[in-house]
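Residue numbers (this note's numbering): 449 to 685.
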């Protein structure tokens with residue numbers, strides 16, 4: 449029984465831990481990877497049930513270290529997918545977020561890189577804008593008094609500080625484009641930052657869009673918030 453519990457809990461953990469890297473390196477498609485999550489939850493529950501049976505009926509075979517290991521592996525296999533499901537329910541099923549919902553910054557140099565992506569470079573439209581407005585009302589155009597050149601320099605530095613891949617820096621157009629690749633699944637999400645003059649002020653807009661997936665689990669909004677914090681930090685130096 450002890451061996452069975454250990455094996456099932458390990459399988460549960462691997463069903464959740466491995467799909468990300470396997471998708472990242474092109475071994476699994478996305479649907480299969482997420483199916484692994486589902487079976488990981490089932491296996492994790494099964495491992496805990498088996499452990500309970502072992503504790504009740506074969507207590508003399510229970511070893512604290514192996515039992516704790518089984519509990520930890522099973523808990524990870526259960527909690528991570530359920531947490532993702534809970535997050536998906538708490539955010540709108542969108543993947544294109546912008547601080548300007550009327551005239552979102554457009555991808556230029558990145559557009560050809562998204563040619564084969566399931567999610568096209570074009571903005572998703574009014575339905576997405578309405579859902580974003582309800583879910584993330586705090587994401588709005590930023591206003592600064594610094595010169596455009598300084599804001600462009602600060603934007604590039606913020607992009608580099610965040611570890612994003614800089615794709616385009618067009619000072620004349622006030623456009624900076626970058627790609628952020630997630631660690632676990634290797635999802636590539638694209639970002640475009642636009643700096644424009646508005647009288648004595650400068651307007652900064654950020655747009656972040658996933659290349660794949662219907663819902664981004666709130667990642668693009670989080671990325672924009674992170675960028676804003678980093679930009680403010682760079683400007684404050």
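Cβ coordinates follow ideal geometry from the N, Cα and C atoms, glycine included.
Predicted model, so just to flag it, every value in this text is computed and none were measured.
Put residue i into one of helix, strand or coil per three-state DSSP.
i: residue 636; result: strand
i: residue 551; result: coil
i: residue 657; result: strand
i: residue 539; result: coil
i: residue 572; result: coil
i: residue 459; result: helix
i: residue 578; result: helix
i: residue 592; result: strand
i: residue 624; result: strand
i: residue 641; result: strand
i: residue 526; result: helix
i: residue 558; result: coil
Quick check: residue i and residue j, are their CB atoms within less than 7 Å of each other?
i: residue 558; j: residue 625; result: yes
i: residue 464; j: residue 485; result: yes
i: residue 539; j: residue 684; result: no
i: residue 536; j: residue 663; result: yes
i: residue 576; j: residue 542; result: yes
i: residue 671; j: residue 658; result: no
i: residue 571; j: residue 669; result: no
i: residue 628; j: residue 547; result: no
i: residue 549; j: residue 589; result: no
My understanding is that residue i touches residue j, with C-beta atoms under 8 Å, so please give their C-beta distance in whole angstroms.
i: residue 660; j: residue 566; result: 5 Å
i: residue 460; j: residue 500; result: That pair is no contact at about 15 Å.
i: residue 519; j: residue 596; result: Actually they are not in contact, since the Cβ atoms of residue 519 and residue 596 sit about 56 Å apart, beyond 8 Å.
i: residue 456; j: residue 502; result: About 11 Å; that fails the 8 Å criterion.
Suppose the cutoff is 7 Å on Cβ atoms and the five residues either side in sequence are ignored; what does the same chain contact list for residue i look like?
i: residue 678; result: 606, 609, 610
CB-CB under 8 Å to residue i, same chain, minus the five flanking residues each way: which ones, in chain order?
i: residue 649; result: 591, 592, 593
i: residue 674; result: 610
Between which residues of its own chain and residue i is the CB-CB distance below 6 Å, once the five residues before and five after are set aside?
i: residue 496; result: 522
i: residue 468; result: 632, 633
i: residue 641; result: 603, 624, 654
Can you find a C-beta in chain B that's less than 7 Å from the C-beta of residue i?
i: residue 675; result: Here there is only one protein chain, and chain B is not present.
Is the region 501–518 in contact with the region 476–487, if contact means three or more CB pairs nearer than 8 Å? no
Any contact between the region 523–539 and the region 624–643? By contact I mean 3 or more CB pairs, one from each, below 8 Å. no
With a cut-off of 8 Å, do at least 3 Cβ pairs link the region 595–602 to the region 614–623? yes
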